[in-house]
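See structure below.
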Amino acid sequence: MQGDQENQWKHASVSLPYLRNQQFRILMQGISTGGQQENIAVDDISFNTGVCPLGSCSFEADMCSYSNVFTGDDFDWQRGSGGSSSRTLGPSTDHTRHTSAGHYMYLETSGANLTAGQKAWLVSETLPSPINPTGGCLTFYYHLYGVGIGTLNVYTRSASTHNLTLIWSLSGNQGNVWNYGRAPILTKNSYEIIIEGVYGGNTTGDIAIDDISLSSYRCFSIIQPTTTPRVLTSTLTYPPTSIDCDFESDICNWQQDTSDQFNWEVQAGRTLTGTGPTADHTYSTLRGHFAYINSSHDSANSSARLISPALTIGPQGVCFKFWYYMYGSSINRLTLLAQSNGKSQALWTRSGTRGPQWRYSQVHIRTNGSTVFILEGLPGVGAHGDIALDDISVNVDHCPAEVICDFENDECGYTQAYDDNFDWVMKTATASVIVSAPSTDHTFGTSLGHYMYTISRLPPGSFARLDSPFLEATSGSCLQFWYNMHGYNLQGATVGTLNVYTRSDGALSNAIFTRTGEQGAEWEIAQATLRSTVPFKVTFEGVVGNGFFNAICIDDITVQPGACPGEGNCDFEENLCTWKNTAVGDNFDWLQGQNQPLAGFSGTVVDHTLNTVYGVYMYTDSSPPRQTGDKAWLVSPSFDNSTARCLSLWYMMATRGAINIKVIRFDQWFSHKCCKHKSVYCPQCLHSSVPSPCPGSTTCIARNKVCDFVSDCPHGEEETACGYNCNFDNQTCHWVSNSEGTYVWTKYRGATPDSNTGPDRDHTTNSGVGYYLYTDASNGTRYDQALLQSPLFQSSSATCQLSLWYHMFGSGVGDLFVLKEEGVTRTYLWKTSGDHGNRWNQAVIPIERMASPFTLTIGSTRSFNVLGDIAIDDIFFQHCSFPDPATSCTAYNTFTCRSQACVPTQNVCDFVDDCGDGTDELDYTCDDYIRCDFESSMCGWNQDVTDNLDWIRLAGPTPTSETGPLHDHTLGTSSGHYIYVKSSDPHKEGATARIISRAFQASASAPYCQLKFFYYMYGQTIGSLSVYTRNSFYGPLVKRFSRSGEIGNYWVSSVVPIYDTKPFQIIIEATLHNASLGDIGIDDTIFTSACKLLTTDFPIGTPGSSVTTPSPCGDPSVYYQCSDGSRCISRSLVCDFVTQCTDGSDEANCGTCDFQQGMCGWQDISVDKYVWERHNGSTASAISGPNADHTTGKTTGNYIYVDSTATDDYGKQ
């Protein structure tokens, strides 16, 4: 950093290079240029683990590197949580955690004595230029809610010139929701980010921001279609016309129609009924004016009309634009008419309540010559309902672009597909010759409005496809459209099918929406979530039914950011979602309410969603002219019958109300009782004892036999949909995404979109053809999780393992984990983080014995960096079934289960149900064993007072991530206990922790005493674990077992046989490196029935006799002492094929070995029961293995071997 940085403390952060096993210091250098008026100061230095999250902040702990400026603005940003103190309350929750306890930054506009135009700046630290030559991307979430909202601007400011560049700006009320924003960073020099909030002149206009994230890679953008893309508002300005009116000066050039029944009134502030606007549209203040009609003093179907001056329309046509407001229970209709050549024609109409907000509409008029426009309002029956108008304007030629494709001007860039049989057609209702087609479009609600439809005389099954323009890759966008499928039922004629797909690389996806047959005469709303990792199109397909004159129609298509809410879900904050008031069958409508005084309730009613006066809900108004028996229907979208559903809602009912709430079941979609249909595995029946038939067979099995890793049907049909093996080349094998937001598991093939992260091929085929699942770190925000859940498994065996291949490559890789859920208990089975290299890696994760139904979840947690794609492939379950019954258990050292299955004797009474029926762990079987599971105590194990550290009893993961157990071994859950040594506690290199058993009698003859135990050695700096015996207090230690270094992220068992002619104690010792990633765990210690407790006093030895004499060569990791003690040599000279020691000991244990005297330096690093052992004579197996060694050819000669009877795990190494 150099130059003048202003008279203010500023934050700076620097990512330090990772220097493995190297010490370093930080040098802070201040360089003078020789001037007398210069000072450099530093304060508050701190270090944190991980890469610095430059420019990113969730504001949960503090403001990160952002700060308010001392000069240059007028007031400050504040860090807050929950609602702000102004009347609008700001956001009720933050965006990061979606709770009232989460934090965000906001501008408080109430009580600040501010004037319109004053601003507040929030400034980042100085940031380096984007590493990508195409620029970087700033993303954030903003909340702009209230009638007095000003402007939110985002700038970059050059660190050298201090010049500002505006990169993003938005003004006005954007709703009571967190919205997503992104802005390009195009500078090539160091810069700061400035977030500017501009006061709008009203105290009900808080501005808030949250979850700022900065990427060094450019923002993804929409690929431009062949026609101009449609945006929400136009940046174009048009010349004024005589039609334009904002009603600030009465009704401008418009006139009241003298032939109607009453007049439009100009108003500022609330109307008399309380159902009108709270502010005008022009200025969004109580002082702004609008025109409105009040139904409180006029009869139904009387009209008020405003007439425009005459306008000459040329061949290009004109666009008539206006804002309207229609709210209340007594709303009738608002219509726009055009009068030309003595004829009036309805161009646009709306009826019924539209919610308490201003809405925009525009109509392109193509009539030639002199035209007069008429705006006609009709009141309803009753005194509660206002219709208002504001900001009328006209421009020549086409209307400004919108986000909606309404087909009024053209096809919006939609094109006929090349792979169909016939075409979609754009028509008006008046031009349609189809008897069954709708008489009005959805946009205008008139016969002049346009929509797209299909009609064909081709045979049934013929189809027409309509492709959208290209859309950007997305992990979640919401497609919404209106459709009409109303059949003309003549001699059995039926409506066909409407399908919606996504199309990429010319190929269609599975249908994301489908409807078949009669759907009613009204326009229906539909929505579907779009997901694609590459640019794509949306394809609408109309399939011909068996009637030639039955049309399929679509209109008003929109694509909005963010996944669609669940089908039928709605909080009514913005609109009715996919619900609607029906036009037929009822007597009045449901209304959107906001802080309404409702009959039967004291005071005003606030909503349930936000529980504030600004929340919105739906209600029915029972005031006159309502009569007893009148009903209002709020209708959901149509659901298919593919699954059982549960409708959940919150409701309030007045104690003396006259309206009942009923759920009307159209057709019988919600009355399906799947438990009566035994061929259907329904969610509510999963734990039922009702027998289920095997598909295609008369055999019936209990429901708890489905997905239990055992084939009970004749051909194992009940196990085919359980997700056991999946390479993702076809589907996701019944694993389902449980994620919310944009950070989700996505099926993909080839290289991921971002360079320097993610795989470029799958694992299955090792090519770009095969598929895998991945999470795109360009989506979502820090700490977002993508969850992939398995089907429900009923049980699993003790040897059950999940194998999966994963790819974690990039500079900002987060976490990958596997979670087990059993009821309400959630247990992490495996977890890893960070960069694992540009390759596929395998993880084998023990599931172990599960006696109750459970699911597995594979989860990915996003870091703060976009270079953190995580991928998985080739899920495979192995050894999950129980041992099969045998005719007899005659093999060496086997135990017979009640099921007649055979298990190794060393697996009996080890807290693991190996039989599957529990007989190997029954009390009467294990009465003579001395066992400890550490669930309630240390069971007679004592801490050694002469060591450096203690063993700690714990449940759940150890405090330090990336080391130690995630759960115990006994229960296999986060609630089970074990003991461990905490490597993050202060200690020196070589510090030890020891526990000592009770004293046992001598074990000098067969069967010998054996200790079995389970241990966990996971972490980058694992030391060693050793088991010793001693024959007296303070006596010398005899090593019986030793393991060093990392074994893996799982529990491993070991059996230690003890031959000792004297009474003994067992000592378990953990030795630590001077580092924090070295936790070592122990669980489930088992002494076999041959181990007998000593009933006499244990001998006392000489204190200090067990202390090891220090090596005269110093640190043994650096120097080696020759066996004859003649000299010390460097460790680097050992096993270098050159003899340095006179006795040759430095080259003695370097690989050449006949195993007669020992292992010659070879060390067994196997885990669990399958290990290399030094042996002589015959092996345990009666049908395999040698009976003599190779060196001497005698039974007394030694060799090493692997005992095949020690485990039944096929594929074990």
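In case it helps, UniProt numbering puts the sequence shown at residues 1 to 1213.
Don't be surprised by glycine CBs; every beta carbon is placed ideally from N, CA and C.
Between Gly868, Gly1045, Gly342, Thr855, which lies nearest to histidine 1073 when the distance is taken from Cα to Cα? Mapped onto the sequence shown, residue 1073 falls at position 1073. Residue Gly1045 is the option with its Cα nearest to histidine 1073.
Quick one, are the C-beta atoms of threonine 752 and aspartate 869 less than 8 Å apart? Within the sequence shown, numbered from 1, the residue matching residue 752 stands at position 752. Within the sequence shown, numbered from 1, the residue matching residue 869 stands at position 869. For threonine 752 and aspartate 869, yes; Cβs fall inside 8 Å.
Starting from the N-terminal side, write out each stretch of the beta strand (DSSP E) that is 3 residues or longer and does not extend beyond the UniProt domain "MAM" (724 to 882). 745 to 749, 771 to 775, 785 to 789, 801 to 808, 815 to 822, 825 to 833, 841 to 846, 855 to 861, 870 to 878
Please report the distance separating the alpha-carbon of phenylalanine 247 from that of threonine 282. For the purposes of this step, residue 247 is taken as the residue at position 247 of the sequence shown. For the purposes of this step, residue 282 is taken as the residue at position 282 of the sequence shown. Whole-angstrom Cα-Cα distance: 9 Å.
Determine whether the beta carbon atoms of threonine 720 and leucine 788 lie at a separation below 8 Å. Along the sequence shown, one-based indexing puts residue 720 at 720. Along the sequence shown, one-based indexing puts residue 788 at 788. No; because the gap between Cβ atoms is not below 8 Å, this pair is not in contact.
What do you get for aspartate 1136, buried or exposed, if any count of 16 or more other CB atoms within 10 angstroms of its CB means buried? In the sequence shown, counting from the first residue as 1, residue 1136 sits at position 1136. The residue in question, aspartate 1136, is exposed, as its Cβ has fewer than 16 Cβ neighbours within 10 Å.
In whole angstroms, give me the CA-to-CA distance for proline 240 and isoleucine 392. By 1-based counting over the sequence shown, the position of residue 240 is 240. By 1-based counting over the sequence shown, the position of residue 392 is 392. A straight line joining the alpha-carbon of proline 240 with that of isoleucine 392 spans about 11 Å.
Under the rule that 16 or more other beta-carbon atoms within 10 Å means buried, what is tryptophan 650, buried or exposed? In the sequence shown, the residue the question calls residue 650 occupies position 650. Per the 10 Å Cβ criterion, exposed.
Serine 361 versus tyrosine 155 - alpha carbon distance: Within the sequence shown, residue 361 is the residue found at index 361, counting from 1. Within the sequence shown, residue 155 is the residue found at index 155, counting from 1. Each residue's Cα considered, the two are about 32 Å apart.
Measuring straight from C-alpha to C-alpha, what distance separates serine 1130 and tyrosine 1120? Here residue 1130 corresponds to residue number 1130 of the sequence shown, with the count starting at 1. Here residue 1120 corresponds to residue number 1120 of the sequence shown, with the count starting at 1. If I take the Cα positions, the gap works out to 6 Å.
If you follow the beta strand (DSSP E) that threonine 428 is in, where does it begin and where does it stop? Within the sequence shown, the letter at position 428 stands for residue 428. From DSSP, the beta strand (DSSP E) with threonine 428 extends over 425 to 428.
Does the beta-carbon of isoleucine 1100 have 16 or more other beta-carbons within 10 angstroms, so that it is buried, or is it exposed? For the purposes of this step, residue 1100 is taken as the residue at position 1100 of the sequence shown. By the neighbour-count rule (16 or more Cβ atoms within 10 Å), isoleucine 1100 is not buried but exposed.
From Asp1143, Leu107, Ile45, Pro597, pick the residue whose C-alpha is nearest to that of leucine 144; which is it? Here residue 144 is taken as the residue at index 144 of the sequence shown, counted from 1. Checking every option, the nearest Cα to that of leucine 144 belongs to Leu107.
Top-ranked residue by Cα proximity to glycine 1158, from Ser1145, Arg1174, Cys1150: Counted from its first residue, the sequence shown places residue 1158 at position 1158. The candidate whose alpha carbon is nearest that of glycine 1158 is Arg1174.
Please confirm whether isoleucine 979 and isoleucine 952 have their CB atoms less than 8 Å apart. Indexing the sequence shown from 1 puts residue 979 at position 979. Indexing the sequence shown from 1 puts residue 952 at position 952. Cβ atoms of isoleucine 979 and isoleucine 952: closer than 8 Å.
Less than 8 Å between the C-beta atoms of valine 1052 and arginine 1040, yes or no? For the purposes of this step, residue 1052 is taken as residue 1052 along the sequence shown, with counting starting at 1. For the purposes of this step, residue 1040 is taken as residue 1040 along the sequence shown, with counting starting at 1. Pairing valine 1052 with arginine 1040 gives a Cβ-Cβ distance that is not under 8 Å.
Taking Cβ positions, are histidine 450 and methionine 485 nearer each other than 8 Å? Within the sequence shown, the letter at position 450 stands for residue 450. Within the sequence shown, the letter at position 485 stands for residue 485. Cβ atoms of histidine 450 and methionine 485: not closer than 8 Å.
Glycine 354, buried or exposed, once every other Cβ within 10 Å from all chains shown has been counted against 16: Start at 1 with the first residue of the sequence shown, and residue 354 comes out as number 354. The sequence given here has arginine at residue 354, not glycine. Label assigned to arginine 354: buried.
Can you tell me the Cα-Cα spacing of glutamine 357 and threonine 609, whole angstroms? Here residue 357 refers to the residue found at position 357 of the sequence shown. Here residue 609 refers to the residue found at position 609 of the sequence shown. When rounded, the distance between both Cα atoms is 18 Å.
In the DSSP assignment, what are the bridge partners of glutamate 192? Taking the first residue of the sequence shown as 1, we reach residue 192 at position 192. Its beta-bridge partners are Arg157.
Roughly how many angstroms lie between the CA atoms of glycine 814 and glycine 741, to the nearest whole one? Stepping through the sequence shown from its first residue, residue 814 is reached at position 814. Stepping through the sequence shown from its first residue, residue 741 is reached at position 741. Approximately 17 Å, taken between the alpha carbons.
Meets three-Cβ-pair contact criterion under 8 Å: the region 980 to 990 and the region 1071 to 1086: yes
Do aspartate 589 and threonine 539 have their C-beta atoms within less than 8 Å of each other? The residue labelled residue 589 in the question sits at position 589 within the sequence shown. The residue labelled residue 539 in the question sits at position 539 within the sequence shown. Going by C-beta atoms, aspartate 589 is not nearer than 8 Å to threonine 539.
Around the Cβ of threonine 890, are there at least 16 other Cβ atoms within 10 angstroms (buried) or fewer (exposed)? For this step, residue 890 is matched to residue 890 along the sequence shown. That one is exposed.
Where do the N-terminal and C-terminal ends of the beta strand (DSSP E) with cysteine 926 fall, by residue? Sequence index remark: in the sequence shown, residue 926 carries index 926 (1-based). Per DSSP, cysteine 926 belongs to no beta strand (DSSP E); it is in the alpha helix (DSSP H), 923 to 926.
Inter-residue spacing [alpha-carbon to alpha-carbon] between phenylalanine 322 and phenylalanine 373: Counting from 1 along the sequence shown, the entry for residue 322 is found at position 322. Counting from 1 along the sequence shown, the entry for residue 373 is found at position 373. So the alpha carbons of these two residues sit roughly 12 Å apart.
Assuming isoleucine 185 and cysteine 245 make a contact with CB atoms under 8 Å, what is their CB distance in whole Å? For the purposes of this step, residue 185 is taken as the residue at position 185 of the sequence shown. For the purposes of this step, residue 245 is taken as the residue at position 245 of the sequence shown. Contact doesn't hold; Cβ gap of about 42 Å is too wide.
In terms of residue numbering, what span does the beta strand (DSSP E) encompassing residue 1227 cover? In this structure the chain extends from 1 to 1213, so residue 1227 is not present and cannot be described.
Is it the case that the Cβ atoms of tryptophan 77 and alanine 120 are separated by a distance below 8 Å? On the sequence shown, residue 77 is found 77 positions in, with the first residue counted as 1. On the sequence shown, residue 120 is found 120 positions in, with the first residue counted as 1. Result yes, Cβ atoms of tryptophan 77 and alanine 120 sit closer than 8 Å.
So, serine 1132 versus threonine 1142, is the Cβ gap smaller than 8 Å? For the purposes of this step, residue 1132 is taken as the residue at position 1132 of the sequence shown. For the purposes of this step, residue 1142 is taken as the residue at position 1142 of the sequence shown. Not in contact: serine 1132 and threonine 1142 (Cβ atoms no closer than 8 Å).
Contact between the region 907 to 925 and the region 834 to 842: three or more CB pairs below 8 Å? no
Whole-angstrom distance between cysteine 700 and valine 690, CA atom to CA atom: To locate residue 690, count along the sequence shown from 1; it is residue 690. To locate residue 700, count along the sequence shown from 1; it is residue 700. No answer about valine 690 holds up, because its pLDDT of 39 lies below 50 and its placement is not dependable.
Spatial neighbours of threonine 1196 within its chain, please: CB distance less than 7 Å, with the 5 preceding and 5 following residues excluded, ordered by chain position. Locating residue 1196 in the sequence shown gives position 1196, counting from the first residue. Asn1176, listed in sequence order.
Whether threonine 446 touches leucine 347 by CB criterion (8 Å): For the purposes of this step, residue 446 is identified with residue 446 of the sequence shown, where counting begins at 1. For the purposes of this step, residue 347 is identified with residue 347 of the sequence shown, where counting begins at 1. Cβ distance < 8 Å, so threonine 446 and leucine 347 count as in contact.
Suppose the cutoff is 7 Å on Cβ atoms and the five residues either side in sequence are ignored; what does the same chain contact list for aspartate 1079 look like? Reading the sequence shown from its first residue, position 1079 is the one you call residue 1079. Here the set comprises Thr958, Thr960, Thr963, Gly964, Tyr980, Val981, Lys982, Ser983, Gly1019.
Looking at the structure shown, is arginine 1131 part of a helix, part of a strand, or coil, going by DSSP? Indexing the sequence shown from 1 puts residue 1131 at position 1131. The answer is helix: DSSP assigns arginine 1131 an H, G or I state.
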